[in-house]
Amino acid sequence: MTRIDLQIAKSGCSACPIRHRAICATCEPEELDRLSGMKSYRTWKAGETILLEGAQLPFVGSVVSGCATLTRSMEDGRIQMVGLLLPSDFVGRHDRETAAYEVVAATDVTFCLFKRAEFRQMLVETPHVMERMLQMSLDELDAARDWMILLGRKTAREKVATLLANILRRAASSGHPLRAELPLTRDAMASYLGLTIETVSRQMTALRKEGVIEMQGHRGITCADLSALLTEAGDDEDGLPLA
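According to the UniProt record's numbering, the sequence shown is numbered sequentially starting from 1.
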């Protein structure tokens with residue numbers, strides 16, 4: 001674990017940066033104590049495989065820090081990235097014994113893991129935690145539908161701007177301007193967006209030259225005006241497609 005993650009593990013849920021956004025957001029103190037009894041923290045280095053598609057799923061859990069990718073394999077061996085896991089996102093299903101996707105650490109990533117059987121029992125006995133799980137599942141469904149629009153209808157500029165805006169809103173440090181480390185390489189971004197790496201690089205360069213974003217080092221990205229980036233993405237300030 002990183003130094004920050006060790007501090008979280010020692011101080012408990014109250015110091016967790018995702019406490020009010022994750023599956024435990026609606027938990028009462030006694031329910032947090034119950035979760036604490038079944039949880040553990042684990043960190044994977046960038047590039048390490050966390051779960052194999054079709055493998056046994058011993059745990060479920062939330063991303064505390066970092067980023068991981070979700071991929072599916074096709075019968076001919078091709079691989080498609082289908083999602084990103086960012087802080088507070090939940091991985092695994094309490095009612096499924098095997099992993100539906102391959103999960104790989106895009107950066108060093110730390111998870112708060114729960115034993116699947118014990119977590120499933122808690123959901124049965126705690127309706128409002130089950131309701132929180134349902135809410136998060138519906139949010140994930142909405143995000144998947146939005147991504148269908150992106151892949152099917154948006155231009156290359158809008159696709160790149162949408163991904164950057166999503167990363168900034170989810171992973172950026174607090175303060176102004178928004179700043180985050182891109183968790184994906186240009187090649188991975190191209191695969192995720194259905195573009196070529198040359199197109200991704202060209203669109204990011206254009207956004208930088210037009211002052212919509214600033215690049216710092218190899219992966220750092222800064223945005224002083226998120227609404228301008230959302231406009232480039234074809235979205236309004238709520239992240240909804242412009243009419």
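C-beta: ideal position from N, C-alpha, C; glycine also.
Taking E214 as part of the beta strand (DSSP E), name the residues at either end of that continuous run.
Within the sequence shown, the letter at position 214 stands for residue 214. Taken as a continuous stretch (DSSP letters only), the beta strand (DSSP E) holding E214 covers E214 to Q216.
For D235, the three-state DSSP class (helix, strand or coil)
Indexing the sequence shown from 1 puts residue 235 at position 235. Reduced to three states, the DSSP call for D235 is strand.
Suppose the cutoff is 7 Å on Cβ atoms and the five residues either side in sequence are ignored; what does the same chain contact list for K115 look like?
For the purposes of this step, residue 115 is identified with residue 115 of the sequence shown, where counting begins at 1. Result list for K115: M38 and F59, in chain order.
K45 by DSSP, collapsed to three states: which one?
In the sequence shown, the residue the question calls residue 45 occupies position 45. DSSP places K45 in coil when its eight states are reduced to three.
I'd like the span of the alpha helix (DSSP H) that includes K209, first residue to last.
Residue numbering aside, residue 209 sits at position 209 when the sequence shown is read from its first letter. Note, K209: alpha helix (DSSP H), I197 to K209.
Contact set for I213: own chain, Cβ-Cβ below 8 Å, skip 5 residues either direction
To locate residue 213, count along the sequence shown from 1; it is residue 213. Counting only Cβ-Cβ distances below 8 Å, and skipping sequence neighbours, we find L164, M204, L207, I221, T222, C223 and L229.
According to DSSP, what are the bridge partners of F90?
Counted from its first residue, the sequence shown places residue 90 at position 90. S62.
Can you give me the Cβ contacts of E158 inside the same chain, cut-off strictly under 6 Å, excluding the 5 residues immediately before and after it?
Taking the first residue of the sequence shown as 1, we reach residue 158 at position 158. Hits under 6 Å: A233 and G234.
Going straight from the alpha carbon of T71 to that of E118, what length do you get?
Position 71 of the sequence shown holds residue 71. Position 118 of the sequence shown holds residue 118. Their backbone Cα atoms lie some 27 Å apart in a straight line.
Output needed for V97: all residues of its chain with C-beta closer than 7 Å, excluding positions within five of it in sequence on either side, in chain order.
To locate residue 97, count along the sequence shown from 1; it is residue 97. Before going further, note that residue 97 is Glu rather than Val in the sequence given. Closer than 7 Å at the Cβ level, and outside the excluded window around E97, lie Q56 and L57.
When burial is assigned at 16 or more other CB atoms within 10 Å of the CB, is A15 buried or exposed?
Within the sequence shown, the letter at position 15 stands for residue 15. Residue environment for A15: exposed (fewer than 16 other C-beta atoms within 10 angstroms of its C-beta).
Taking Cβ positions, are L113 and S40 nearer each other than 7 Å?
Position 113 of the sequence shown, counted from the first residue, corresponds to residue 113. Position 40 of the sequence shown, counted from the first residue, corresponds to residue 40. With contacts defined as CB atoms closer than 7 Å, L113 and S40 qualify as a contacting pair.
Under 7 Å, do L52 and A68 count as touching if we go by C-beta distance?
As a working note, residue 52 is residue 52 in the sequence shown. As a working note, residue 68 is residue 68 in the sequence shown. In terms of Cβ geometry, L52 and A68 do not form a close pair [threshold 7 Å].
With distances taken Cα to Cα, identify the nearest neighbour of I23 among V64, I50, G47 and G54.
Working through the sequence shown from its first residue, we reach residue 23 at position 23. If we check each option's Cα against that of I23, V64 comes out closest.
At the level of alpha carbons, what is the spacing between G47 and R132?
The residue labelled residue 47 in the question sits at position 47 within the sequence shown. The residue labelled residue 132 in the question sits at position 132 within the sequence shown. When rounded, the distance between both Cα atoms is 31 Å.
I need the boundaries of the alpha helix (DSSP H) containing M32, first residue and last residue.
Here residue 32 is taken as the residue at index 32 of the sequence shown, counted from 1. The residue you asked about is not Met; residue 32 is Leu in the sequence shown. Counting along the chain, the alpha helix (DSSP H) containing L32 begins and ends at P29 to S36.
For the beta strand (DSSP E) that R72 lies in, which residues bound it at each end?
Locating residue 72 in the sequence shown gives position 72, where the first residue counts as 1. Element bounds for R72: A68 to S73.
Looking only at its chain, what residues have a beta carbon closer than 7 Å to the beta carbon of R186, apart from the 5 residues adjacent to it on each side?
Reading the sequence shown from its first residue, position 186 is the one you call residue 186. If we look at R186 and ignore the five residues flanking it on each side, its Cβ neighbours are I197, V200 and S201.
In its own chain, which residues sit with a C-beta less than 6 Å from the C-beta of S191, not counting the 5 before and 5 after it?
For the purposes of this step, residue 191 is taken as residue 191 along the sequence shown, with counting starting at 1. Within the same chain, S191 has close Cβ partners M81.
Rounded separation between R21 and G194 - CA only:
As a position in the sequence shown, residue 21 is number 21, starting the count at 1. As a position in the sequence shown, residue 194 is number 194, starting the count at 1. Their backbone Cα atoms lie some 30 Å apart in a straight line.
Hey, A106 and P183: beta-carbon distance below 7 Å or not?
The residue labelled residue 106 in the question sits at position 106 within the sequence shown. The residue labelled residue 183 in the question sits at position 183 within the sequence shown. Yes.
Alpha helix (DSSP H) containing Q135: first to last residue?
Within the sequence shown, the letter at position 135 stands for residue 135. P127 to R153 is the span of the alpha helix (DSSP H), which, as asked, contains Q135.
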